[in-house]
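What follows is a single structure, written as structure tokens, with notes after it.
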């Protein structure tokens, strides 16, 4: 049975707020709706994730952002990218991973979003900054709302 | 007027590098340099750390082959403890090492090199990637992705996570294998075997299309080195063997711990990567190659039935050793086949579930050497410790480093054949890069650097005048 919502959390736990995706993933598996979602964590997006993406009804990519104020949450739709850079090796962005799923497996989730949390620091360390910590419950609630609105393609 | 051509950085390999080609007055390439331009220096900053931290620290050298460093480092620490690890622990480490080989070779073949092989060296660079492969041949694309998943999943099942696992520890492994995990791995094997055999058949049926590349891609006499046990390539443990270009054994049963007696490292001012060479033949005459091609050249048998058939066919390509580095691709596929068969054999042994997987001891030696075959070739970790077990000195010789002399010579061969300085073409430059990719260098490991790789090519006259420039991002 494919998950109604696939959550793909990226980042590294060793670089401060870059680990927020993983922390949100940890929080998600403790929620009452955990059985309805599939949560995968990864340091970066790779082509191997395309199969899981192709099977999901909806997907949300969760990551830290260095371009937004610390603790602010952004949720944006993302569509498969029509092309990729020539130097592609083994890591992808969300749009390219969606395109990979389409090319390899013939389908992509009907709904795809990128949820980012503005980071305050990417310095070495396993602790999140205070504003980023405070953002986690809100991020979980936004993902719960996505789950409620997800439908199969 | 002579010119200098710079390809900077080189794409679809791990790490930062650039290639500089110097032409003469008539535009013919006269020299080539493969320059690795960054340094991280793990050997220095591990000094002062407790030796038992080393496997985890060294696994951080690279995100592609952390398992290889984990295993070589754990073996060096075994030597510091002066213990013989439990047989089940050795078998489990073997499985882990083979899984690493499978996932790394799948990455190299399907993600990095199959775009050139399937779409052509002259194809649009925007399409020369795994997505281009998927679009042109979805079955191959899916197969490559699944094969890499297979190797990564074994690593995850055994060691807890795919990247930077810490399961191999001084004295063995930290946890035994659970029966259900073994069964899960065994259930995946038929698909992995089928994918590999199909890809091998495809590759062999297309060899005729690459006659020119086979002839010119680092195709020259050299020595080959690998670990050997019972005349088979030994990926986890064995003795070192050197063969010459005719396939004749020139040194055998060498103790890997005494590598410094027959391997010397030279340094050149233009690169951070050293140049190991076979000491008795001097520098640079002692040029040798390691990795898949070398392992198939030093072996006298393969040891598993399907791979044995493929190995026999492979060795018939040349009378002596197979010399063209283009055939690293071919050898890589045969090694994947062998690794899958070997994983099955190891897991079919009931003793693999034994719970005795770690020997304990205190420091019994002030020095330890750990040697294993990484996907790209022989990997050497050598540590010295003080009485408290703190690292006082470390030396790492990485597979990519062993191949440095051969890569430089290979670039020169390809550049002389394809590059005409008065007209730069994408396909010409891609072939210069592609010869490097046959070796699947991991510059992150060999200099401990990591980076992104757009491409810049510059034609510079001896007086510094920029004559031509090509760039892709």
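Protein chains in written order, with this note's numbering: chain A, 1 to 153; chain B, 1001 to 1473.
The beta carbon of each residue, even a glycine, is placed where N, CA and C say it ideally should be.
Asked, Found
"Which of the three DSSP states is assigned to residue 1357 of chain B in this structure?", "coil"
"Taking only beta-carbon atoms, is residue 51 of chain A less than 9 Å away from chain B?", "yes"
"Do the region 1395-1409 of chain B and the region 1352-1362 of chain B meet, that is, are 3 or more Cβ pairs less than 8 Å apart?", "no"
"Between the Cα of residue 1410 of chain B and those of B:1216, B:1236 and B:1119, spot the shortest distance and give me the residue it belongs to.", "B:1216"
"Mapping DSSP to helix, strand and coil, what is residue 1127 of chain B?", "coil"
"Near residue 1328 of chain B, which residues of its chain fall below 8 Å by C-beta distance, leaving aside the five closest residues on each side in sequence?", "1291, 1292, 1293, 1438, 1439 and 1440"
"Using a Cβ-Cβ cut-off of 9 Å, state whether residue 1101 of chain B counts as contacting chain A.", "no"
"Can you tell me whether residue 1117 of chain B is buried or exposed? The criterion is at least 16 other CB atoms within 10 Å of its CB, across all chains shown.", "buried"
"Name the two residues that bound the continuous alpha helix (DSSP H) containing residue 102 of chain A.", "94-105"
"Can you tell me whether DSSP reads residue 1219 of chain B as helix, strand or coil?", "strand"
"Could you list the residues in the region 28-48 of chain A with a C-beta less than 8 Å from some C-beta on chain B, going in chain order?", "43, 47 and 48"
"Quick one: does residue 128 of chain A have its CB under 9 Å from some CB of chain B?", "no"
"Out of B:1067, B:1371 and B:1376, point me to the one whose CA is closest to residue 1383 of chain B's CA.", "B:1371"
"Just by C-beta distance, which residues in the region 1108-1125 of chain B are closer than 7 Å to chain A?", "1111, 1112 and 1125"
"Does the beta carbon of residue 1135 of chain B sit closer than 9 Å to a beta carbon anywhere in chain A?", "yes"
"Using the C-alpha atoms, what's the distance from residue 1080 of chain B back to residue 1365 of chain B?", "5 Å"
"Have a look at B:1369, B:1320 and B:1088 and flag the residue whose alpha-carbon is nearest the alpha-carbon of residue 1248 of chain B.", "B:1320"
"Evaluate contact between the region 1179-1191 of chain B and the region 1107-1114 of chain B, counting only Cβ atoms and requiring at least three cross-stretch pairs below 8 Å.", "no"
"Any beta carbon of chain B sitting closer than 9 Å to that of residue 108 of chain A?", "no"
"Using beta-carbon positions only, say whether residue 1373 of chain B and residue 1101 of chain B come within less than 9 Å of one another.", "yes"
"Exposed or buried, residue 1045 of chain B, counting other C-beta atoms within 10 Å across all chains shown (16 or more means buried)?", "exposed"
"To be precise: take each residue of the region 1221-1234 of chain B, compare its Cβ to all Cβ atoms of chain A, and keep it if any distance is under 7 Å. Which residues remain?", "none"
"How is residue 1085 of chain B classed by DSSP in three states: helix, strand or coil?", "coil"
"Would you report the Cα separation of residue 1171 of chain B and residue 1427 of chain B, rounded to the nearest angstrom?", "50 Å"
"May I ask you to verify whether the region 1124-1138 of chain B touches the region 1220-1233 of chain B, counting CB pairs closer than 8 Å and requiring at least 3?", "no"
"Check for me: the beta strand (DSSP E) holding residue 155 of chain A runs from which residue to which?", "There is no way to answer for residue 155 of chain A, as the model of chain A reaches only from 1 to 153."
"Among B:1436, B:1377 and B:1369, which residue has its Cα nearest to the Cα of residue 1055 of chain B?", "B:1369"
"Going by CA-CA distance only, name the one from B:1419, B:1263 and B:1350 that's closest to residue 1026 of chain B.", "B:1419"
"Examine chain A for any beta-carbon lying closer than 9 Å to the beta-carbon of residue 1396 of chain B, and answer yes or no.", "no"
"So, for residue 1195 of chain B: in the same chain, excluding its five sequence neighbours on each side, which residues have a beta-carbon less than 7 Å away from its beta-carbon?", "1143, 1146 and 1147"
"When you compare only the Cα positions, how much space is there between residue 1104 of chain B and residue 1442 of chain B?", "11 Å"
"I'd like to know if residue 1145 of chain B contacts chain A, where contact means its C-beta is closer than 9 Å to some C-beta of that chain.", "yes"
"Report yes or no: do the region 1058-1068 of chain B and the region 1296-1313 of chain B share at least 3 C-beta pairs separated by less than 8 Å?", "no"
"Go to residue 1352 of chain B, then tell me how far its beta strand (DSSP E) extends in each direction, as first and last residue.", "Looking at the DSSP string, residue 1352 of chain B is not in any beta strand (DSSP E), and its letter there is neither H nor E."
"Are the region 2-18 of chain A and the region 30-45 of chain A touching by the rule of at least three beta carbon pairs closer than 8 Å?", "yes"
"Within the continuous beta strand (DSSP E) that includes residue 1031 of chain B, where are the two ends?", "1029-1035"
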